[in-house]
Each structure stands twice: as C-alpha cells, then as structure tokens.
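Protein chains: 2
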Amino acid sequence: MVIGLLGLGTIGSGIYEHLQKRGDIKVKRILELKRHPGFEQLETSDFNEILNDPEIDTVIELIGGMEPAHTFTVQALKAGKNVVTANKLMLSHHMEELLGLARDMGVHYRYDASVGGSIPFLYNLMRHRTADTLTALSGIVNGTTNLILDIMQTDGRDFDDVLKQAQAEGYAEANPAADIDGIDAQCKIAIASAVAYQKYVRPEDVLTEGIRHISGRDIINFKRRGAGYVCRLIAQSQVVGQGVVTCYVEPTLVAPTATEAAVKLNNNTISVTGEYFGVHTFQGQGAGKDPTAFAVELGLRDILDGISPRVNPIPEGYAKVDNALAGHPYYLRTTAPVDIEAERIGDDAYITAPMSVQAMHELAKTLRETDPDLFFAGIQD
Amino acid sequence: MVIGLLGLGTIGSGIYEHLQKRGDIKVKRILELKRHPGFEQLETSDFNEILNDPEIDTVIELIGGMEPAHTFTVQALKAGKNVVTANKLMLSHHMEELLGLARDMGVHYRYDASVGGSIPFLYNLMRHRTADTLTALSGIVNGTTNLILDIMQTDGRDFDDVLKQAQAEGYAEANPAADIDGIDAQCKIAIASAVAYQKYVRPEDVLTEGIRHISGRDIINFKRRGAGYVCRLIAQSQVVGQGVVTCYVEPTLVAPTATEAAVKLNNNTISVTGEYFGVHTFQGQGAGKDPTAFAVELGLRDILDGISPRVNPIPEGYAKVDNALAGHPYYLRTTAPVDIEAERIGDDAYITAPMSVQAMHELAKTLRETDPDLFFAGIQD
Chain A
2 MVIGLLGLGT IGSGIYEHLQ KRGDIKVKRI LELKRHPGFE QLETSDFNEI
52 LNDPEIDTVI ELIGGMEPAH TFTVQALKAG KNVVTANKLM LSHHMEELLG
102 LARDMGVHYR YDASVGGSIP FLYNLMRHRT ADTLTALSGI VNGTTNLILD
152 IMQTDGRDFD DVLKQAQAEG YAEANPAADI DGIDAQCKIA IASAVAYQKY
202 VRPEDVLTEG IRHISGRDII NFKRRGAGYV CRLIAQSQVV GQGVVTCYVE
252 PTLVAPTATE AAVKLNNNTI SVTGEYFGVH TFQGQGAGKD PTAFAVELGL
302 RDILDGISPR VNPIPEGYAK VDNALAGHPY YLRTTAPVDI EAERIGDDAY
352 ITAPMSVQAM HELAKTLRET DPDLFFAGIQ D
Chain B
2 MVIGLLGLGT IGSGIYEHLQ KRGDIKVKRI LELKRHPGFE QLETSDFNEI
52 LNDPEIDTVI ELIGGMEPAH TFTVQALKAG KNVVTANKLM LSHHMEELLG
102 LARDMGVHYR YDASVGGSIP FLYNLMRHRT ADTLTALSGI VNGTTNLILD
152 IMQTDGRDFD DVLKQAQAEG YAEANPAADI DGIDAQCKIA IASAVAYQKY
202 VRPEDVLTEG IRHISGRDII NFKRRGAGYV CRLIAQSQVV GQGVVTCYVE
252 PTLVAPTATE AAVKLNNNTI SVTGEYFGVH TFQGQGAGKD PTAFAVELGL
302 RDILDGISPR VNPIPEGYAK VDNALAGHPY YLRTTAPVDI EAERIGDDAY
352 ITAPMSVQAM HELAKTLRET DPDLFFAGIQ D
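Protein chains in written order, with the working numbering: chain A, 2 to 382; chain B, 2 to 382.
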C-alpha cells in the first residue's frame, strides 16, 4: 500500500508517525501548501502529483471542509484509488455521490474516523447490520461541547468563560460555531443513520440546536429538579416507519445516574439499538491526534485485509425525516411570553408538557424573535 | 453454509429461529438427547451423523460445560468443519489446543459469543490489535452478579433474598456457583486477555473472588464513605512487562459517578486500553436468548465474509500472571483479628492501606479459617 496524504496538520502528522513506526505502509507524497522541516522531499502543493502517480493506490484526505476536499476525493476515486477520510462535513453532504462512485470504481472509501474519532462505531454498525435490523441511534458525538457542559456543570461556571478556556487549551476552535451550534453533531448523526438504516439522511433535514445559549442560571435550574439533571448535547435518530426516521440534535437533560452523565470532559458515547441484540453502547475519545490517527490506520488495515463485503450494500435513496413523530417534555428558559402547556419552575423557566421535537424547534425559532437568548433542552426519562 | 447445531436449549432455539427467518443459512442436523415437537426430522442423538456428513461445513456448539463439548469440538475441527461457540468454560481451558487446531486445519473457530454475549468485544479486540498495542482490560462481564449487586444496592436487600428472586426469575441458575463465585468472569477475562495480549492466560492463574459473602451490612458501610461507593464484580488484566500481566476478578467499589456504577441490572460493560486510542468501552446485554443468538450469527456471517486474517495471528505461549504487581486499598469486613495497616470504619469493617492484589487474596484465604463469612472488595480511585 502506497499513500498520498492530503494535509500534514495534527491528524496528518499523527498518522504519518504511526505509519513510520509500523513500516509496512509507505507515505509517498504529502499535499501541503507550506513546507514542514524534514518533509521537503515528500511535500507538494500540486494534487496532480498524487493523482497521476500510479504507484499511489490510496489517498488519505485530512484537509477538512468542503473544497477542495470534495473535488480531490472525486478525482481520486475516479482515478481508481482508495480514499480514507475523517471529513464529516464534506462526507455528510456528498455521501450518495461518493459511496456510489467508490462502488462503481471498485475501490474502498473508508470514513470510519468521521464519526466518534477512534471509537469503532460505523464499522460495528456495518457488521451488526449483517445479523440484525438496526432501529435507533443516540449519543454524545461532539467532544468540545461535552467538555464545556461537563465543566459548567461541575464547576458552576458560565458558558463564555468555559468556552474561552477550552479555546485557550486547544479543545475548542477559534471559530467554535461548528461545534457549539451542533453542526458537527448534525453531520455525524446523518452519516451514522445512513449506515445504520441504509437510507441517506440529508444534514439539512436534521433539526439541530446547539449549546450557544446555555447559561449558569440554567445549570442551577437543572440541579433544582428532583435528583437534579445533567445536560448533554445528544444526537439521535430512530426508524419510525418504512423509510421514515426521526433525526435531531439538541441539548438533553438526563438523570445523574444515566450513562450519558458519566461521560466526562471531551469523551464521546454512542448507542445503537437492534431488534435482537438490544442496545450496544460504545465509549471513548472522539477526537485528538493519536485516537483519530488510530481510526484512519484501522481504515487502511481494513483495506489491506479486504473487508469490502462489509461496506456493501450501500444505502439506497433518502429517508424521510419527520420530527413530528418524536416527542418528550422540554426545559425552556425564555423571557418571551409562553402560551403552551408548561409548568413554571422559576424566573422565565418552564418544564413543558410532552411535545413533538418539530414543534419545540419551531416554537424556539418564533420566540427567539423576541428573546434571542432563549435556551431549551429535551428531557429524557 | 450448512449447519450442524449442538444443543437446542434457549440459545440454540434462538439461533435456529434467527436463521430460519433469514433463509440463507441452513440448519441440517441438531444434536439433542431428547426430541422437541416439530424438530423430529432434524434431531439426532448421535454426533457422528453431523461429523460424518460432508454437506455440514459448520458446527455451532451450544452444549456448554467441558465434556462432551471439548471432544466434539476437536472432532469437528479435525474433520475440517468451522466451529462457532459460546462456551467460555471449555474454551478458556483448551484455548491453545483449539486455536492451534483450527489454524492447522485451515478452518474458522469463532468464539465471539463467549465473552460479553452480544457485545462485539472480542472481535473489536482482534481488529484494534491490527493498528495499536493493547495494554489493559477491565469490565463487568457477568450479568447475574451485576443484577444481584445492583438490586442489593438499590433496594437495600440482603444477598440470599436477592439471589432467590434472581433464580425464580431465570436470571440465576439453580446452581449459581459459576456466576457468584466469579468462575464465569475468570474464564472470560482469561479468553479476552489472550486475544488482547497474544499470550494465553490460564484460568487457574486468575485470582478470583466472587460475591457469595457480601451482606446488606457491607452495602450500608459502602454508603457511609464520602459520596458513597457502588459495588460491582470487576474482572481486569493489564500488561506490566514483557509477557507479564496482572489478571484478577474481585468485588470492586467505584464512585457513584463511575461508568461501572451506571451499568444496571444484568448488563455488561468492558473496556480496553490501547497506547494510541486511549480507552474504549463497550456496553450491552451480556446474555439472553436473542443477544447471544445474534452474536453466534455474527460469527457465521464473519465466516461467510471470510474474515480469517483478523483471527490470525493466534497467541503464542503463556503469559506469566503476577498479581503482586497490582495494588490498591481494600474494604475488608471480618470478625477475624486483622494485623495489617488499616483504618477501622465500623464494627469488623476496615479500609486497608494500598496493598497488592496477591497479598489481599492470600490474606482473605488465611483469615477465612477463622471467619468463613469474610468479605472484601478492591477500591478503585
């Protein structure tokens, strides 16, 4: 196996180091705009040097973002090269095209590292599918937001303060929007749902609420109810009919004894439900240099072992997403007038009667015209 | 694929039903001493009818126990048939022989269902091994004891009372010794350690303490310390040097916020540590008809997909187990005189200074000559 590596950032240098240590997989070319000391012989800023090199059979795409990652991936697959990626944003928006292209070209497109970092979640979904019908997914799939929520809850600090610390320590990006607005989780649940249910899910169909508006006051309110609640950003989906799924991302209040409450700092946890096996939960580090490099290397080893049967069949068609068919009570904090059925639990804070996810996300959108700082969270029984 | 099924008990009938539903794998013969209505055409009480049938390429061994399971497995492998099993007791005592035989005969011996029921733990250990070095295992691998401990802790009831209920409801066997004395967990950690570290571990080298001696008084003592402890039966092993591991099973006190504390009723949780990926945790149902049938079917699908590269290399040689190299403080409740460094925390109850696992298990053996009801539990930080 001879590799063309796109990107020598944190993950890229991690995978390079891993492969050097093992010695049986050769990195021949690295696409980088700037030169890194010691890598001058390998680096190029021209993708064609990788694309047109017949010795390079596998491309590792670690550029991230939409372009040029999408174009390079399409070109590599069309050139008959395997591609391994961790790019959830690009994949989730081009999944049908890329999986179809890989199948038509008879090459491997491995994206294990795109959901859950090192956690072998997608791979096990593919394997589980061969012996059961998968019916639901649920989990904490974004480490940055979990770190922020965990620290807020544990130390009683406010959102902006904790976010700044997370940015300073490298756990959150300078532009944290993709994480804190739930976009990263949205892409991941769309990808995982497609693998589990064999129907593509459009990211834009996933109702998504992040944690940008949570405040220390909310945390105090959570602790006041019964045994207290712990807040986590949970992405989930469920098959509710033939080709119909619910699929959404929202802050969620769970009991302090719940599995999700025990997920600390920037860890991830993700569960799958099957008709026969029940619920399986996978936990681990969802990001980071070594864990992600491990996941990418597993993709390479899978290709070497020839595990293609497990990647097929690829999904067919798109799921209809209907979040009017999922519901539960919500915690809602807003200064806007609220005229739905709800119990007032403090200044501007309410627990609603069970209502649909669709209705709550729409209500929040309307009320935000009056109160942009509104925060809400689903309540899990 | 044509199957010879050994045993039509709970799991056997589960796997039969699954395969009937799928339709692509045929069960041709079932070994059973008694006849089941509707199965008369398939059933035989003569194993040779399966062994000598050239059409049967795969044997599912669900007899359990040492004999005749061991003899039948050896005969089937020698006859060039694949074997799939859930038999942890037999496998753990004959692992080197059976894995070697399968390799020599060029057939598959799949034992995924022997550890963690439906949880895809062993399979992922094999896959993880291809991209990382595994260094530690830890988990709750016996559902029966977890159910008993969870109910004792939640309802404040005593051991005998809860065990009787578990037996009446089918969660514990009439002879519960293998579960409550930790033998089942001992076999499982020996098997999983061999897969993870590529050195066989003799079950008899695994220091093992069960939960037979725990009482309601102990539960009260656990709750009195700090935030309170939750008791779980944990099996664990760790690489401590070249070819040297610690490996033991003992009741263990964990914080109420620990992952293990969130494992309720008869569920299992098991973690693996790798140098690169960190800690991965897998949770799910560790037993039961449908989950175990699912795990057995996954083994069959793996064989159909030809995943043999992942099963090799098989372990070489035996690990040296040295439990003098693991240590922590212990909770100890005994009426026998205690002359080790320990803080007395109530009538006959102590928290010891950190001491080696080897020393504690030996001390308990000595003190039990005076106080057969002695109970102890490791304390996890």
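Even glycine gets a Cβ: it sits at the ideal position worked out from N, Cα and C. These numbers were taken from a predicted model, which means no experiment stands behind them.
Chain-ordered, the chain B residues with CB closer than 7 Å to the CB of D133(A) read F295. Assigned with DSSP and collapsed to three states, P252(A) falls in strand.
Contact between the region 110 to 130 of chain A and the region 84 to 95 of chain A is present: 3 or more CB-CB pairs across the two stretches fall below 8 Å. When the beta-carbon positions are compared, E317(A) and Q199(A) come within less than 8 Å of each other.
For secondary structure counted as the beta strand (DSSP E) over 3 or more consecutive residues, the region 3 to 64 of chain A holds these complete runs in sequence order: 3 to 7, 27 to 32 and 59 to 62. By alpha-carbon distance to E68(B), the top candidate from I352(B), A179(B) and H95(B) is H95(B). In this structure the region 120 to 138 of chain A touches the region 117 to 128 of chain B; the number of beta carbon pairs closer than 8 Å is three or more.
For G229(B), the closest Cβ of chain A is not nearer than 8 Å.
With the rule of 3 Cβ pairs closer than 8 Å, the region 238 to 255 of chain B does not count as touching the region 222 to 241 of chain A. For Y277(A), the CB contacts under 6 Å within the same chain, skipping 5 residues up- and downstream, are D133 in chain order. Between G217(B) and D159(B), the CB-CB gap stays under 8 Å. Look at G307(B) here: in three-state DSSP terms it is coil, with no helix or strand label. Scanning the region 336 to 367 of chain B from its first residue to its last, no whole alpha helix (DSSP H) run of 4-plus residues comes out. Under the 8 Å criterion on CB atoms, I16(A) is classed as non-interfacial with respect to chain B. Residue pairing for F377(A): DSSP places it in a beta bridge opposite L333(A). One Cα belongs to D180(B), the other to A296(B), and the distance between them is close to 20 Å. Listed along chain A are G285, each with a C-beta nearer than 7 Å to that of V280(B). I221(A) sits exposed, since fewer than 16 C-beta atoms from the chains shown fall within 10 Å of its C-beta. Note on P314(B): under 16 other CB atoms within 10 angstroms of its CB, so exposed under the neighbour-count rule. Note on geometry: alpha-carbon atoms of A288(B) and R23(B) lie some 22 Å from one another. Residues of the same chain with a CB within less than 7 Å of the CB of I152(B), apart from the 5 flanking positions on each side, are R158 and V163 in chain order. Contact of L299(B) with chain A is assigned, a C-beta pair being separated by under 8 Å. Less than 8 Å separates the beta-carbon of K29(A) from that of V3(A). Only those residues of the region 245 to 258 of chain A whose C-beta falls short of 9 Å from the nearest C-beta of chain B are listed: P257 and T258. The Cβ of R128(A) sits closer than 8 Å to at least one Cβ of chain B. When the alpha-carbon of I64(A) is set against those of D54(A), I57(A) and L34(A), the nearest one is in L34(A). Close partners of Y172(B) in chain A (Cβ separation under 9 Å) are lacking, with about 15 Å as the shortest Cβ gap. With contacts defined as CB atoms closer than 8 Å, M356(A) and Y332(A) fail to qualify as a contacting pair. Counting the other Cβ atoms within 10 Å of the Cβ of E261(A) gives 16 or more, which makes it buried. Contact between S115(A) and I192(A) holds, since their C-beta atoms are separated by about 6 Å, short of 8 Å. Sixteen is the threshold: when 16 or more other Cβ atoms of the shown chains lie within 10 Å of the Cβ of E62(A), as they do, the residue is buried.
In the three-state DSSP reduction, H129(A) falls in the helix class (H, G or I). When F73(A), A103(A), S139(A) and E50(A) are compared, the shortest CA-CA separation from V280(A) is found for S139(A). In this structure, N269(B) sits near Q284(B), with a CB-CB distance shorter than 8 Å.
Rounded to the nearest angstrom, the gap between the Cα atoms of R233(A) and Y172(A) is 17 Å. Around P292(B), the beta-carbon contacts reaching into chain A at under 8 Å are Y277, F278 and G279.
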